[in-house]
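In the numbering used here, the protein residues as written are 389 to 540.
No residue lacks a Cβ here, since even glycine has one placed at the ideal position from N, Cα and C.
For reference, the structure is listed below as C-alpha cells.
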C-alpha cells in the first residue's frame, strides 16, 4: 500500500497526524503556521477566504493498522439452538447474508433440508429473503431452529 505525504504550504514541511489543523474553507496546515498567518493576514493563504483563530480545528486521523476492516466488522458468529438443546456455532456470517444462507450452512452441518427448517429470533420467524442485519441480529446471539412437521 502506498503512503502519501502531505505538506504544509506555508512552511513546506510534512504534515503529521499529531500536527494537522484546518480552517473553515477546508485547507490544512500546521497549527503554528496557520495561527501566525491568520493572526497577521486574517485569511487563508491558499484560497484567500476570511478566517479567524476560532475557525482552526484539529484533524484527528486514525492509523489504518488500528482500524478493523469493514469486511471483518461485518462478520459475526451465530449460535443456533435446536429443540434437543444442541447448539450449532456458525462463524464468519456476514450481516448482509440472507437467512437462506444460514439455513444452507445448517443443512451442510446437520443435514437438515432447508425446506424443513424454521428459524426464530426471539418470537419472530426469520424469512429466507431477509438479511441478518434486517433483524438486527448481533455477534454471538442465539437463534432457534424449529423443524417443520408434516400434518396427518
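- For residue 475, there is no enclosing alpha helix (DSSP H); the residue is part of the beta strand (DSSP E) that begins and ends at 475-482.
- Buried is the label assigned to residue 432, since at least 16 other Cβ atoms lie within 10 Å of its Cβ.
- Burial is judged here by how many other beta carbons sit within 10 angstroms of a residue's own beta carbon; residue 520 has at least 16 and is buried.
- Across the set 482, 448, 498, 509, the C-alpha of 498 shows the shortest separation from the C-alpha of residue 472.
- In the three-state DSSP reduction, residue 531 falls in the strand class (E or B).
- C-alpha of residue 506 to C-alpha of residue 468: approximately 11 Å in a straight line.
- Sequence-distant partners of residue 491 (beyond 5 residues in either direction) whose C-beta falls short of 8 Å from its own C-beta, in its chain, are 502, 505, 507, 516.
- Bounds of the beta strand (DSSP E) holding residue 507 are 505-509.
- By the Cβ rule, the segment 394-403 counts as touching the segment 415-427, because three or more pairs are nearer than 8 Å.
- Considering only 449, 423, 522, the residue with the shortest C-alpha distance to residue 440 is 423.
- Rounded to the nearest angstrom, the gap between the Cα atoms of residue 434 and residue 486 is 50 Å.
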